[in-house]
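Below: one structure, written as structure tokens.
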Amino acid sequence: MPMPMLLIRGTFRAKGFEPDGDTVNFTPDDVADWKLVPGSRPVVPRAFGNAPIRLEGIDALETHYGLDDSPSGVQHQPRSLAHQAADALLTALGFTSVVRDDPKHPEKVTATTPEVVHGYILTRGADIFGRCVALVGKDSQPALNGSLVQVDERALKNTVNYQLIKAGLAYPTYYSEFPELLRASLTAAAAAAAAAPEPGKSIWEKDTTTTGTKVTGLQSLTADDGAVILPKLFRRLKDYLDLSPSDPSLSCFRAYLAGASDDQFYIQGKPEVFSGMHHVVEVTGDTVRMTCGPTEIVFVEK
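Sequential numbering from -5 applies to the sequence shown in this note's numbering.
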């Protein structure tokens, strides 16, 4: 069934921020519209009324993850594909030029053409970090601002979220309240992208999430020719390796996932709810892999 989502019109801005392939900054035409966002968690806007939008249903390679004072500092996945996703997001929204030339903050956008673009979001709520989780699109949406829009496959295919999956630049990542109809549409787009990956321009050309990734240190995941894996798995590996920077052994990784992760999920089509990603992660020596692909897993909303 289609899903009712709140329509908010406004502007996207990249200058001064660090957008990646699944996060972008948005300011409603009426800042009071943030109060209309459904769910138990409020969107936490910044001083000028803008807030980060976390794109619903997708996960792009990390351009910057972690804290400066963590053992490995801020890290990233293979930069080429990560930056292609970030650039594709901004291009799809209508930016024709994006400049990042701050040597101290290489991911920060310092100039764009135009400075802002008009668009809309379709949201069902905020995440635990106060970010609005939404489908995003350029220009206008043929519905009344502040109204609930029934989002079907046609509406989904008009969003940047869908376009990034179709282009093979982001992984599908599903949460339980995102309807099965829309998940199926993203899954089909991902399957088509994986079946014919464009060389050098698709995560699916080099993805080793389920086939196995040899990890001899963090550089195995961050180098330009490093492993391309589901970002959620990358984040868990980065945090785990930071616990003992001089020892890249994966012998305790599954135990770490069991004890440190509060991820709850189920496998599509099966009733059991699992707690901890160790249930779908296999480690053999220095090789790690997920036993289920991204489209098979549905995470329970926190």
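Glycine included, each C-beta is placed from N, C-alpha and C at the ideal position.
Exposed unless 16 or more other CB atoms sit within 10 angstroms - verdict on residue i
{"i": "residue 264", "result": "exposed"}
{"i": "residue 47", "result": "buried"}
{"i": "residue 297", "result": "Summary: the structure shown does not reach residue 297, with the chain confined to residues -5 through 296, and so no result is reported for it."}
{"i": "residue 2", "result": "buried"}
{"i": "residue 238", "result": "exposed"}
{"i": "residue 145", "result": "buried"}
Pair within 8 Å by beta-carbon distance, residue i and residue j
{"i": "residue 89", "j": "residue 104", "result": "no"}
{"i": "residue 251", "j": "residue 222", "result": "no"}
{"i": "residue 127", "j": "residue 113", "result": "no"}
{"i": "residue 76", "j": "residue 57", "result": "yes"}
{"i": "residue 210", "j": "residue 284", "result": "no"}
{"i": "residue 116", "j": "residue 13", "result": "no"}
{"i": "residue 262", "j": "residue 293", "result": "no"}
{"i": "residue 6", "j": "residue 92", "result": "no"}
{"i": "residue 212", "j": "residue 244", "result": "no"}
{"i": "residue 27", "j": "residue 119", "result": "no"}
{"i": "residue 37", "j": "residue 31", "result": "yes"}
{"i": "residue 82", "j": "residue 158", "result": "yes"}
Cut-off 8 Å between Cβ atoms - residues of its own chain near residue i, not counting five sequence neighbours on either side
{"i": "residue 74", "result": "194, 218"}
Own chain residues within Cβ distance below 6 Å of residue i, not counting five before or after
{"i": "residue 171", "result": "295"}
{"i": "residue 71", "result": "55, 56, 228"}
Short CB-CB distance (under 8 Å) between residue i and chain B
{"i": "residue 4", "result": "The structure shown contains no chain B; it holds only a single protein chain."}
Distance between beta carbons of residue j and residue i, contact taken as under 8 Å
{"i": "residue 197", "j": "residue 163", "result": "7 Å"}
{"i": "residue 180", "j": "residue 191", "result": "That pair is no contact at about 17 Å."}
{"i": "residue 289", "j": "residue 184", "result": "6 Å"}
Close-in-space but distant-in-sequence residues of the same chain around residue i (CB under 7 Å, 5 per side omitted)
{"i": "residue 16", "result": "48, 49, 52, 53, 54, 164"}
{"i": "residue 248", "result": "272, 275, 277"}
>> To test your reading of the DSSP string, which unbroken beta strand (DSSP E) runs of 3 or more residues are found completely within the stretch 91 to 126?
In response: For the stretch 91 to 126, whole beta strand (DSSP E) runs of length 3 or above, ordered along the chain, are 91 to 93, 105 to 107, 110 to 120.
>> Quick check on the DSSP output: what are the complete beta strand (DSSP E) runs of length 3 or more inside the stretch 14 to 67, in order along the chain?
In response: Entirely contained in the stretch 14 to 67, the beta strand (DSSP E) runs reaching 3 residues are, in chain order, 17 to 22, 45 to 49.
>> Quick check on the DSSP output: what are the complete alpha helix (DSSP H) runs of length 4 or more inside the stretch 130 to 158, in order along the chain?
In response: Qualifying alpha helix (DSSP H) stretches, in chain order: 147 to 151.
> Which residue spans inside the stretch 198 to 284 form an unbroken beta strand (DSSP E) run of at least 3?
Replying inline: With a minimum length of 3 residues, the continuous beta strand (DSSP E) runs that stay inside the stretch 198 to 284 are 258 to 261, 267 to 269, 275 to 278, 281 to 284.
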